[in-house]
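A.B. asks: Just so you know, the sequence shown maps onto residues -24 to -1, 1 to 147 in mature numbering (1 follows the signal peptide of the UniProt record, and there is no 0).
We put the CB at the ideal spot given by N, CA and C, even for glycine.
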Amino acid sequence: MLVSQLVVVCVFLIFILVRSRVFAKNVNHDQVRHSLDPTPFPNSFKCFTCEKAKDNYHCNRWAEDKWCPQHTHFCKTVHHFNSHGKSMSVTKKCAMKEECHSLGCHHRMDSGHTECVSCCEGAICNVEVPTNHTNAIFSVMNSYRKSDACRSTSYSIIMVSAVLLLLLLKP
């Protein structure tokens, strides 16, 4: 009887672990590049960085893979596009808090283009470009360290649940 209970618990745990791995398929791993170099200081992070790239694809594709300076805490994106929504240029960089005050979208009379600016907090959080007032904002995303902590917490919860299930199934 105990062996069948253990099999049920093992199948339950495998199901939960596989299910949590399936959600990872939604991450575009081609756009997120992790470096093997050690972090230069505690809580260091990276942003996609480019200067006046043709569009978001070219910016992210050829972004420099380097650590942000210690005095920066955010990633900033400036997106210029025409009235048809076609990207004219994309600039992404590491930024200080002071650089993230003028967010939103503004029509530039001098060039006739629209400029949308956004900032975000979190490792490589600036994957997308702002295109309107709903995404030209300051956003906070979980960093990889925080998500690793959440993952270990969820595994702990799974293990505790398994032990409780075993105790409940015990005759």
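1) Measure from the alpha carbon of Thr15 to the alpha carbon of each residue in His34, Trp43, Ala39, then state which is nearest.
2) Terminal residues of the continuous beta strand (DSSP E) containing His56?
3) Figure out for me which residue from Asp41, Asn32, Arg37 has the closest Cα to the Cα of Ala99.
4) Out of Thr53, His60, Cys70, which one is the CA nearest neighbour of Asn32?
5) In three-state terms, what does DSSP make of Glu75?
6) Write down the C-beta distance between Pro106 and Cys70 rounded to the nearest angstrom, noting that I regard them as a contact closer than 8 Å.
7) For a quick check, are the C-beta atoms of Arg57 and Thr90 less than 7 Å apart?
8) By DSSP, does His82 sit in helix, in strand, or in coil?
9) From the DSSP output, in three-state form, read off Cys101 for me.
10) Taking 7 Å as the threshold (C-beta atoms), are Ala29 and Cys23 in contact?
11) Can you tell which of Phe114, Ser115, Ala112, Asn108 has the C-alpha that lies nearest to the C-alpha of Ser59?
12) Look up Lys122 in the DSSP assignment and say whether it is helix, strand or coil.
13) What residues in its chain sit with their C-beta under 7 Å from that of Ser78, if we drop five residues either side in the sequence?
14) Going by DSSP, what residues sit across from Lys69 in a beta bridge?
15) Nearest by alpha-carbon distance to Phe114: which of Trp38, Pro18, Glu75, Ser63 is it?
C.D. replies: Checking against the coordinates, here is how it stands:
1) Trp43
2) 50 to 57
3) Asp41
4) Thr53
5) helix
6) So it is not a contact: roughly 17 Å between Cβ atoms.
7) Position check: residue 57 holds Phe in this sequence, whereas Arg was assumed. Cβ distance < 7 Å, so Phe57 and Thr90 count as in contact.
8) strand
9) coil
10) no
11) Asn108
12) In this predicted model, Lys122 has a pLDDT of only 43, less than 50, meaning its place in the structure is not dependable enough to derive any value.
13) Val93
14) Lys52
15) Glu75
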